[in-house]
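The sequence shown begins at 1 in the UniProt record's numbering and counts up by one.
Note that the Cβ used here is the ideal one computed from N, Cα and C, for glycine as well.
Reviewing the structure listed below.
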Amino acid sequence: MPRVRNPILPGFHADPSVLRVGKDYYIATSTFEWYPGVQIYHSTDLADWTLVSRPLNRAAQLDMRGNPDSCGVWAPCLTHDGSEFWLVYSDVKRKDGSFKDSLNYIVHAPTITGPWSDPVFANASGFDPSLFHDPDDGRKWFVNMLWDHRRRAGGPQNRTAFAGIVLQEFDPKAGRLVGPRKNIYGGTALALTEGPHLYKRNGVFYLLTAEGGTGYDHAVTLARSTSGSVWGPYEDHPDKYILTSKDHPLTALQRAGHGDIVDVEQPDGSLKPYVVHLCSRPVTQKRRNVLGRETAIQPAHWGDDGWLYLDNGILPSLYVDLPGARDDDPATSAYWQPTTYTWKDADLAAVDYSAINGAVASKLHPDLQWLRLPDPSRLFSIAGGQLVLHGRESIGSWFEQALVARRQTHFSYDAEAVLDDYQPEDERQFAGLTVYYSRYNFFYLTVTAATPEDAGVFPKGDQKPGRELQLLTSEVSFPNGALETPLAPGVPLPATGKVRLAAQVRGGQRLQFLYATEADPELKPVGPVYDASIVSDECGGHPVHGSFTGAFVGMAATDLNGTALDARFDQFVYRPQHDPLDREDGSQKREREVLTDQDGRAVGVVGAHGIQVGLGNVVGRRHKADTQRLAALAERLRLRLLALAQLVPQLRLDQAGHHGVDAHLLVRAARRALGQLDGQALGQVDDAGIERAAQHGAGARAQGRGAGRERQGAAGADDVVLDENLADDDAAPELDAEQVLGVVQVGVGQGAADDLVDGREHDVVHGRQGLQGGREGGLVADVGDDAGRGHGGRAADLNGRLAEPLDGVVDARLRRRHNGDVRADGNKRLGGAEADAVAKGQLCALCAWCARRAELTPTSRQ
């Protein structure tokens, strides 16, 4: 099968529900306050997906006026009973404090594009409803999480407001829930149990749930009832979780959870289970998720014990085998092509998006959405070849704001909007381009009227004031929503004519606004460079786990006078971009820096995965001397990191400590403490080659060799051969600083292997073949695959050649051996005496190399 890279639905696509009907697959995702409600995608191969329906597109089905940010449509469940499609969803009206006003509804349709029925009210006892059709007797069962306002959210398991999963029968003829309601499952110790889905296989009922909260502790758990009754009792999966990334902060796909199961037809006609789930790809050291929660997919199988297991272990895999292939080539892939949104009559003559946007907005491109209001005619219209926004309430209003935008689906992009001769009467009318998350978190570049002090000369008589450019920002302004206007005075604009407004976002981290006029058509920067990462779940205006959508970019018009002044837009453009800050495999790609010793020699690299330190063998003319320097510096670095971990307990990550702080904090602390960095950027590295090596443990030798040679080739030394026993200095090629990095590397922090292992049970260890292949190629592929015997936490015995990296500093599972045999000691933590000894350099922190093998005794081991 072709290998496809996750996520399969990039950008804000949370809480996926998956369904197969014959040869067709469908995924439904949450839309929260964005209108119309629920996105339904279609695919025939699980790789390429097309938006085909937004079923909640009229007032009878969904009216979200007054809904706070990140309320609205939560966790839809899409099912088929053999004759009709069924969709259940929550319309959440409040989510702060002890209460959750969550109204649960059911709609149905003969086809996926409708017509969808008016809703039937089910209950309001909790959120995340799901509908199960028993294949044996045809009965329909409604499940949802139960919210108990008397309990205090975030406390111990028996005191959380997440009170379990409740079950009740649904009678489609009566259009209501009937019979008794029972709490059938309380969840595991991870708690915060939600997102239930029921299945039946071989007479056994399975209950899939999400736990841990939809942040960095998120997980998918599974329970089953073998009694033959849907009422239970339900027992927990023996592995506790079937999917999570919560204990592995550098895994590419973070926040993995809230899943659903689908049977996928194989070439031989058999059915194989897959799990779709939400995930996030954080950027910056603060682990912010500007793309929101995205949809990914994982292959699974049923074990002999009747339990479901993911093929690659509990970690979400970045690359998966799917029936279909997806074009990821930036030159040809639809995902990487720019989109120009225009509204000319000729372009729209044959367009009908009514199944997606409803009848009133049937000409609006499916990429675009608006906020809360079921009647879009109050917010915008399409006329005269333009999108006309009718100025309404302030940006961030929970009732009527004229804002039309699309999801940010790339870490880097350019967006442009052309505003046609907008003529505001005063400073209370403005329109322009916005990068938007919520009322507490947005950037808004506007054209508005110049005030007297800004314009210099106030127009006389009935003449309108001049125009100017203003930038309105609300950067994490919760709870007061304070607004900043950094352009003081505003930038003068011609009194008439079009204005071109642009935003450049790079790496999900940098935002620069630009503008141009008809008289001066070249784009010019305006305002400071902003931190684009604040337009994210983590900064959405609520405490952690309180914001659930993702970044949008689009057009807006505001009229605080209440006269609905129109703003006419000729076009809107979204152009995906590639940038060195991007990391399409999920984690941010900080610019790599060379770690040097006091003589300026390259001895390691600080990059997106923490610190990697070269040691043990070195190529080049100064082989023995460099080896000694490398070993001594690496030892000091590890000792300092261990001391930091002991002195600052909150840096340790474990189940009780939530997700703690970013691993990069350790890196920054080490950098400050050692002062050994020169800021030099490292040359091009074949990350894809490293990843392939890590994913294919059995073939890692060849893969690592190839990746290493590509790396060396980029530096101009294709035929370099590494040999730690090299005695004849003259026989070794002379290499520059970057090539010295072609040595055995050990990850300090939770090194690259944890990010690349591709779902193996990831005590980061080095497979024999991956290690050898890396040595031959100038690179170590840190493999935690079966070849490395890393599955289940068993470290490989490498005969004293190398030890596992210092992942323990990051996840508080410090495994140590002092005999060079590189075996894990389980979950042992350093005690006080040991910690003191390590800090003083009296013990090796980890046997990351063997003195016998490297033919030296590190100076810090005295």
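#1: Do the region 75-90 and the region 126-133 meet, that is, are 3 or more Cβ pairs less than 8 Å apart?
#2: Let me know the secondary structure DSSP gives Cys71 once reduced to three states.
#3: Can the beta-carbon of Asp414 be found less than 9 Å from the beta-carbon of Gln266?
#4: For residue 872, which residues in the same chain have their Cβ closer than 7 Å to its Cβ, ignoring the five residues on either side in sequence?
#5: Which residue comes first and which comes last in the alpha helix (DSSP H) that contains Ala346?
#6: Within 10 angstroms of the Cβ of Val838, are there 16 or more other Cβ atoms? Answer buried if so, exposed if not.
#7: Under a three-way DSSP split, which group does Gln695 fall into?
#8: Considering Cα atoms alone, identify which of Tyr206, Glu194, Tyr199 and Trp307 is closest to Gly212.
#9: When you compare each of Leu565, Leu56, Asp24 and Tyr105 to His80 by their alpha carbons, which one comes out closest?
#10: Look up Asn57 in the DSSP assignment and say whether it is helix, strand or coil.
#11: Based on DSSP bridge pairs, tell me the residues matched to Asp171.
#12: With a floor of 3 residues, list each beta strand (DSSP E) that falls wholly inside the region 281-362, ordered by position along the chain.
#13: Along the chain, where does the beta strand (DSSP E) that runs through Asp531 open and close?
#14: Mark Phe132 as exposed unless 16 or more other C-beta atoms lie within 10 angstroms of its C-beta, in which case mark it buried.
#15: Given that a residue counts as buried once 16 or more other Cβ atoms are within 10 Å of its Cβ, and exposed if not, what is Val418?
#16: Going by beta carbon distance, what residues of the same chain come within less than 8 Å of Leu177, once the five residues before and after it are set aside?
#17: Three or more beta-carbon pairs under 8 Å between the region 94-112 and the region 394-413, yes or no?
#18: Please classify Glu518 as buried or exposed, where buried requires at least 16 other C-beta atoms within 10 Å of its C-beta.
#19: In the DSSP assignment, find the unbroken beta strand (DSSP E) run with Ala431 in it and report its ends.
#20: Using C-beta distances below 7 Å, list every residue in its chain close to Asp352, excluding the 5 sequence neighbours before and after it, in chain order.
#21: Between Arg510 and His108, what straight-line distance do the alpha-carbon atoms span, to the nearest angstrom?
#22: With H, G and I counted as helix, E and B as strand and the rest as coil, what does DSSP make of Ile534?
#23: Distance check for Val283 and Arg829, CA to CA, integer angstroms please.
#24: Are at least three pairs of beta-carbons, each pair with one atom in the region 494-503 and one in the region 419-427, less than 8 Å apart?
#25: Tell me, please, which residues DSSP counts as bridged to Asp414.
#26: Can you check whether the CB of Phe430 is closer than 9 Å to the CB of Thr558?
#27: Grouping DSSP H, G and I as helix and E and B as strand, with all else coil, what is Met1?
#28: Does the beta-carbon distance from Tyr206 to Leu308 come in below 9 Å?
#29: Using three-state DSSP, classify Ala14 as helix, strand or coil.
#30: Name, in chain order, the residues that DSSP records as bridge partners for Phe569.
#31: Tell me whether the beta-carbon of Pro576 lies closer than 9 Å to the beta-carbon of Gln337.
#32: Which residues mark the beginning and the end of the beta strand (DSSP E) in which Gly257 is found?
#33: Inspect the CB distances between the region 305-324 and the region 285-295 and report whether three or more fall short of 8 Å.
#34: For Ala502 and Leu523, which I take to be in contact (beta-carbon distance under 8 Å), what is that distance rounded to the nearest angstrom?
#35: Out of Arg201, Ala325, Gly508 and Tyr216, point me to the one whose CA is closest to Pro273's CA.
#36: In chain order, what residues of the same chain lie with their CB nearer than 8 Å to the CB of residue 866, ignoring the 5 residues before and after it?
Looking at the atomic coordinates:
#1: yes
#2: Within the sequence shown, residue 71 is the residue found at index 71, counting from 1. Here DSSP, grouped into helix, strand and coil, assigns Cys71 to coil.
#3: Here residue 414 refers to the residue found at position 414 of the sequence shown. Here residue 266 refers to the residue found at position 266 of the sequence shown. No.
#4: Residue 872 lies beyond the range of the chain shown here (1 to 862); nothing can be said about it.
#5: Numbered from its first residue, the sequence shown carries residue 346 at position 346. Start and end: Asp345 to Leu348.
#6: Numbered from its first residue, the sequence shown carries residue 838 at position 838. Model confidence at Val838 stands at a pLDDT of 35, short of 50, so the residue's coordinates are unreliable and nothing is read from them.
#7: If you number the sequence shown from 1, residue 695 lands on position 695. The pLDDT assigned to Gln695 is 37, lower than 50, so where the model puts this residue is not dependable, and the model offers no usable value.
#8: As a working note, residue 212 is residue 212 in the sequence shown. For the residues Tyr206, Glu194, Tyr199 and Trp307, the minimum Cα distance to Gly212 belongs to Glu194.
#9: Taking the first residue of the sequence shown as 1, we reach residue 80 at position 80. Answer by Cα proximity: Asp24.
#10: Within the sequence shown, numbered from 1, the residue matching residue 57 stands at position 57. Reduced to three states, the DSSP call for Asn57 is coil.
#11: Mapped onto the sequence shown, residue 171 falls at position 171. Arg176.
#12: 294-302, 308-310, 319-321 and 339-342
#13: For the purposes of this step, residue 531 is taken as residue 531 along the sequence shown, with counting starting at 1. From DSSP, the beta strand (DSSP E) with Asp531 extends over Lys524 to Asp531.
#14: Mapped onto the sequence shown, residue 132 falls at position 132. Classification for Phe132: buried.
#15: For this step, residue 418 is matched to residue 418 along the sequence shown. Result: buried.
#16: Taking the sequence shown and counting its residues from 1, the one referred to as residue 177 is at position 177. Close CB contacts of Leu177 within its chain, under the 8 Å cut and outside five residues either way in sequence, are with Ala122, Asn123, Phe142, Gln168, Glu169, Phe170 and Asp171 (chain order).
#17: The region 94-112 makes no contact with the region 394-413: fewer than 3 CB pairs, one atom from each, lie closer than 8 Å.
#18: As a working mapping, residue 518 is identified with position 518 in the sequence shown. So Glu518 ends up on the exposed side.
#19: To locate residue 431, count along the sequence shown from 1; it is residue 431. Gln429 to Ser438 is the extent of the beta strand (DSSP E) around Ala431.
#20: Against the sequence shown, residue 352 aligns to sequence position 352. Cβ neighbours of Asp352 beyond the five flanking positions: Ser362.
#21: Numbered from its first residue, the sequence shown carries residue 510 at position 510. Numbered from its first residue, the sequence shown carries residue 108 at position 108. If I take the Cα positions, the gap works out to 44 Å.
#22: In the sequence shown, residue 534 corresponds to position 534, counting from 1. It is helical.
#23: Indexing the sequence shown from 1 puts residue 829 at position 829. Indexing the sequence shown from 1 puts residue 283 at position 283. Note that Arg829 scores a pLDDT of 33, beneath 50, so its modelled location is shaky; the value from the coordinates is reported in the next line. Near 30 Å, if we compare the C-alpha coordinates of Val283 and Arg829.
#24: yes
#25: Residue 414 sits at position 414 when you count from the first residue of the sequence shown. Partner(s): Gln504 and Arg575.
#26: Residue numbering aside, residue 558 sits at position 558 when the sequence shown is read from its first letter. Residue numbering aside, residue 430 sits at position 430 when the sequence shown is read from its first letter. Result yes, Cβ atoms of Thr558 and Phe430 sit closer than 9 Å.
#27: Stepping through the sequence shown from its first residue, residue 1 is reached at position 1. Correct three-state label for Met1: coil.
#28: Here residue 206 corresponds to residue number 206 of the sequence shown, with the count starting at 1. Here residue 308 corresponds to residue number 308 of the sequence shown, with the count starting at 1. Yes.
#29: Taking the first residue of the sequence shown as 1, we reach residue 14 at position 14. DSSP places Ala14 in strand when its eight states are reduced to three.
#30: Within the sequence shown, numbered from 1, the residue matching residue 569 stands at position 569. Looking at the DSSP assignment, Phe569 forms a beta bridge with Leu387 and Leu419.
#31: Taking the first residue of the sequence shown as position 1, residue 576 is located at position 576. Taking the first residue of the sequence shown as position 1, residue 337 is located at position 337. For Pro576 and Gln337, yes; Cβs fall inside 9 Å.
#32: Walking along the sequence shown from the start, residue 257 turns up at place 257. It spans Gln254 to Glu265 - the beta strand (DSSP E) in which Gly257 sits, taken as one unbroken run.
#33: no
#34: What you label residue 502 is simply residue 502 of the sequence shown in a count that begins at 1. What you label residue 523 is simply residue 523 of the sequence shown in a count that begins at 1. With 8 Å as the limit, Ala502 and Leu523 qualify as a contact, their Cβ atoms being about 6 Å apart.
#35: In the sequence shown, counting from the first residue as 1, residue 273 sits at position 273. Measuring from the Cα of Pro273, the nearest candidate turns out to be Arg201.
#36: This structure gives no information on residue 866, because the portion of the chain shown stretches from 1 to 862.
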